[in-house]
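Chemist:
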Amino acid sequence: MDLRQLLANQLSRVWRYSWTLLGDEAHIQDMKRNTATSGVTVPPALEPLRLVDSQGGRVSTPPLPVPELDTLGALHRAMVIGRRFDRQASALARQGRLAVYPSSFGQEACQVGGVLALAEQDWLFPTYRDTVSLVTRGVDPVQALTLLRGDWHSGYDAHAHRCAPQCTPLATNASHAVGLTYAARQKRHQASVPAQASTAPSNSADPAEVEADTAALVLMGDGATSEGDAHEAYNFAAMWNAPVVFLIQNNQWAISVPVRKQSRAPTLAHKAMGYGIRGLHVDGNDAAAVYAAVSQALTEARAGEGPTIIEARTYRMDPHTNADAPQRYREPSDVERWQNHDPIDRLESLLRAEGQLDDAGRADLDATAEKLATRVREHMAQPDELDPNEILAHTYTHPSAMLREQQANLAAEIGEARA
Amino acid sequence: MSEISFAEALNAAMRDSMRENPDVVVYGEDVGQLGGVFRVTDGLTAEFGEQRCFDTPIAESGIVGTAIGMAMHGARPVVEMQFDAFAYPAFEQVVSHAAKLRNRTRGSVTLPLVIRIPYGGAVGAVEHHSDSSEGYYAHTPGLTVVTPATVADAYSMLRASIAHPDPVVFLEPKRLYRSTATMSLPVTTEELDRAVVRREGRDVTLLCYGPTVDTALATADAAMADGYDVEVVDLRSLTPFDDATVTASVRKTGRAVVTHEAPSFAGYGAEVAARVTEHCFHYLEAPVLRVAGYDAPYPPPLLERYYLPTVDRLRTALSRLQWESQWTENDPSPLRVAAAAPHAANQDSGVVA
Chain A
1091 MDLRQLLANQ LSRVWRYSWT LLGDEAHIQD MKRNTATSGV TVPPALEPLR
1141 LVDSQGGRVS TPPLPVPELD TLGALHRAMV IGRRFDRQAS ALARQGRLAV
1191 YPSSFGQEAC QVGGVLALAE QDWLFPTYRD TVSLVTRGVD PVQALTLLRG
1241 DWHSGYDAHA HRCAPQCTPL ATNASHAVGL TYAARQKRHQ ASVPAQASTA
1291 PSNSADPAEV EADTAALVLM GDGATSEGDA HEAYNFAAMW NAPVVFLIQN
1341 NQWAISVPVR KQSRAPTLAH KAMGYGIRGL HVDGNDAAAV YAAVSQALTE
1391 ARAGEGPTII EARTYRMDPH TNADAPQRYR EPSDVERWQN HDPIDRLESL
1441 LRAEGQLDDA GRADLDATAE KLATRVREHM AQPDELDPNE ILAHTYTHPS
1491 AMLREQQANL AAEIGEARA
Chain B
83 MSEISFAEAL NAAMRDSMRE NPDVVVYGED VGQLGGVFRV TDGLTAEFGE
133 QRCFDTPIAE SGIVGTAIGM AMHGARPVVE MQFDAFAYPA FEQVVSHAAK
183 LRNRTRGSVT LPLVIRIPYG GAVGAVEHHS DSSEGYYAHT PGLTVVTPAT
233 VADAYSMLRA SIAHPDPVVF LEPKRLYRST ATMSLPVTTE ELDRAVVRRE
283 GRDVTLLCYG PTVDTALATA DAAMADGYDV EVVDLRSLTP FDDATVTASV
333 RKTGRAVVTH EAPSFAGYGA EVAARVTEHC FHYLEAPVLR VAGYDAPYPP
383 PLLERYYLPT VDRLRTALSR LQWESQWTEN DPSPLRVAAA APHAANQDSG
433 VVA
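Residue numbers (our numbering), protein chains in the order written: chain A, 1091 to 1509; chain B, 83 to 435.
(1) Can you tell me which residues form a DSSP beta bridge with N1340/A?
(2) Opposite S84/B in the DSSP bridges: which residues?
(3) When the Cα atoms are used, what is the spatial distance from L56/B to D112/B?
(4) Would V1132/A be called buried (16 or more neighbouring beta carbons within 10 Å of its own) or exposed?
(5) Taking C-alpha atoms, which residue in P1397/A, A1457/A, D1373/A lies nearest to A1199/A?
(6) So with Cβ pairs under 8 Å, would you call V312/B a contact of chain A?
(7) With 8 Å set as the bound, which would you pick, yes or no: does the beta-carbon of Q1497/A sit closer than that to a beta-carbon of chain B?
(8) Here's the rule I'm using: 16 or more other beta-carbon atoms within 10 Å means buried, otherwise exposed. How should M83/B be labelled?
(9) Could you say which of A1501/A, M1470/A, E1468/A, P1473/A lies nearest to A1483/A if we only look at CA atoms?
(10) Would you say M96/B reaches chain A, if we count a Cβ-Cβ gap shorter than 8 Å as a contact?
(11) Listing by chain order, which chain B residues have their CB less than 8 Å from the CB of H1166/A?
(12) List the residues of chain B that V1268/A touches, going by C-beta distances under 7 Å, in chain order.
(13) What residue range is occupied by the uninterrupted beta strand (DSSP E) comprising R198/B?
(14) At which residue ranges does the segment 1413-1495 of chain A contain complete alpha helix (DSSP H) runs of 4 or more residues, listed in the order of the chain?
(15) Report the partner residues of C290/B according to the DSSP bridge assignment.
(16) What residues from chain A crowd round T229/B, counting only those whose CB sits closer than 7 Å?
(17) Hey, does N93/B have any beta-carbon neighbour from chain A nearer than 8 Å?
(18) Using a Cβ-Cβ distance under 8 Å, would A338/B count as near chain A?
(19) Determine the closest residue to A423/B out of T270/B, V107/B, R284/B, R134/B, with distance taken between C-alpha atoms.
(20) Run down chain A in chain order and give the residues with a C-beta less than 9 Å from the C-beta of Q115/B.
(21) From D166/B to I199/B, what does the alpha carbon distance come to, in whole angstroms?
(22) Does S178/B come within less than 8 Å of chain A when only Cβ atoms are used?
(23) In its own chain, which residues sit with a C-beta less than 8 Å from the C-beta of E282/B, not counting the 5 before and 5 after it?
(24) Taking I1513/A and F1326/A to be in contact with their CB atoms under 8 Å, please state how far apart those CB atoms are, rounded to whole angstroms.
(25) Restricting to Cα atoms, I'd like to know which of M1492/A, P1489/A, N1479/A, T1221/A is closest to I1504/A.
(26) How would you call T222/B, buried or exposed, if buried means at least 16 neighbouring beta carbons within 10 angstroms?
(27) Taking its Cβ as the centre, do 16 or more other Cβ atoms sit within 10 Å of R1508/A, making it buried, or is it exposed?
(28) According to DSSP, simplified to helix, strand and coil, what is R281/B?
(29) Report the three-state DSSP secondary structure of T1217/A (helix, strand or coil).
(30) Where does D377/B fall in DSSP's three states?
(31) Can L1246/A and C1257/A be called in contact, C-beta distance under 8 Å?
(32) Is it buried or exposed, D316/B, if we count other Cβ atoms within 10 angstroms and call 16 or more buried?
(33) On the criterion of 16 or more Cβ atoms from any shown chain inside 10 Å, does L384/B qualify as buried, or is it exposed?
(34) Run down chain A in chain order and give the residues with a C-beta less than 9 Å from the C-beta of E174/B.
(35) Strictly below 9 Å CB to CB, what residues from chain B border H1243/A?
(36) Just checking my contact of S214/B with H342/B at CB under 8 Å: how many whole Å lie between their CB atoms?
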């Protein structure tokens, strides 16, 4: 018996014994049940799961189901378009045409891999750094920039895209996703059990939606995992067995604070073990791995197996925002090192090596991306038509007398200014 | 007709809402099996099942956060914060999300959501169980903040809050949970956004809400001996504020005192006093006074009677109002005579009704 085996035996003996120490029979049954139904026995890999290596080669024993070639092509395409959009938005911020832009340059595999894994009926809960995820989800790129241009706090129809407004207070949108999927489950329940003697109009949407297996994807950063709201959302998701995937983009930086000052967990995905849910640690610059991990987690979630926390290890290549000064807290060599792990280069090498992409194909793709960038640029060059009356228009469904008075005052003020 | 307690009326409001609308769900800490620490949710799990009335982990931010997500997707959650001061962990969800989501999305995402919060003192509780937190919520645009003071309002206002299209912070005065009235349910009282004159009077308007309404009514009775005829207005809705009802009353009486348990400084009463002054300046015979909790943290239970607004303190405030008016009973202020006429407030109050 080697040392490792011996240790394992000892641990298992201590574990069994501890049950008898820790409480009564009911408590022991609870612990046994939780151990049997949770992913707690499988700690996330310390080395991030990877399907495609930095040189674009397929790994010999894939730890996750490898996406089909056309999916890999779609991931590459969305990343190229997403990066062109991100570059354009950063340029507009430097020119003062956006109020601010938190770049996600280098994180395309996370946002694209996560979003493309979603089904139509699923909901996306993005943060302020996830504008590329919105574009990937199909939100109009000009509408996607409404928040960051400063026109309004959110510029797209959340229900139409099944995409919540971008969330700025860290981790606070995670519990929204948990609640939303609970409501979706209630709708399914209502559809299967006819409501008793209900005469009131119901809020429920169309029957097709009612039947749908709605899951949700929450995007969050490494810094957000330090917030109490992350903990509460993970725990509620676990208790409700919610079909939610929490995708942590660990880009190593919470503005200037490195992740080693955020957590002593071996990986951020290890936090899942404490909640009794599955945790996966993937290479966040490998779009195939992110897609595969999120897809698998969504499939399990739909099958009633509850939530998953996925840490995607990546790197924030750009400053926090255009207003940041990264030279104060990190070396340029750190950034250069990560250039060797670029998510687009990696997948492009694979696609070219396997005959799925050539120079002409890439040129076509670049032209498409450029068209999108041009449209964004041209729109942002025009002054936007803003209605100042709007600041009082949306606070309540039925504005109070006080608010109506203020609306009238503001309208009069605007009228005088224009006269 | 039967004797119904405040807590039972709240319970009935949730039960009837849940029977009527399958989208209504009730959850929070201890609200399921136990029926809530004040028994306000008693029996709801038994009738509607654990899918619609259930216990959650002790995590207020998670409770409100999940309720926001539910409301985004067609549910009508009614969540309980166990005590006023235990609602503070949820403050960010309330202020940054519940209050703002409709505005952020230009009205495309509305949140029909009720956050029930037992609040106020006078129940002999140890610290963190007696805060009056209404000012924090009333100060936040996007929230509707209401507080019932009668058994009938407990039922009717909670029904209306659950039917409301926007987030409602529903403040339940703890000291009233065991108060009773002989009545039958269902009952429909005044609209959710209206203040109500609980007692008519000629000399001064006592403005109150929730936990202080009974104190104000007792003060009005006692003040008869002092020669003051006191009108008592129960504000009911803190946001929005019913300027029309309050203005009509104060223009009629010419004097106003506002009372609440929360500390006085920058408290809700300051807003009431400012609005009354703006709308009634030419009718006022005296400055608007506030009788509130002291500007110190809520005291331990054995000392709370020294902290809370009492009948004596309110009577003292009434006597401190300026009573030496240039107008006499035989030569009354023409403005106030006009204000006392029926429907006067609607004619030239300058207030949008």
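All residues carry an ideal CB built from backbone N, CA and C; glycine is no exception.
Predicted model, so just to flag it, every value in this text is computed and none were measured.
Modeler: On the basis of the supplied data:
(1) R1403/A
(2) M265/B
(3) There is simply no residue 56/B to check, as chain B begins at 83 and stops at 435 in what is shown.
(4) exposed
(5) D1373/A
(6) no
(7) no
(8) exposed
(9) A1501/A
(10) no
(11) Simply none; closest approach about 33 Å.
(12) T148, G151
(13) 196-201
(14) 1422-1429, 1433-1443, 1449-1471
(15) D316/B
(16) Ordered by position in chain A, no residue passes the 7 Å Cβ test against T229/B, which lies about 16 Å from the chain.
(17) no
(18) no
(19) R284/B
(20) The premise fails here: Q115/B is roughly 15 Å from chain A at the closest Cβ pair, so nothing lies under 9 Å.
(21) 6 Å
(22) yes
(23) E313
(24) Residue numbering for chain A in the displayed model covers 1091 to 1509; residue 1513/A lies beyond these limits and cannot be assessed.
(25) N1479/A
(26) buried
(27) exposed
(28) strand
(29) strand
(30) coil
(31) Here residue 1246/A turns out to be Tyr, not Leu, going by the sequence shown. No. Outside cutoff.
(32) buried
(33) exposed
(34) P1259, T1262, D1319
(35) K182, N185, R186, T187, R188
(36) 6 Å
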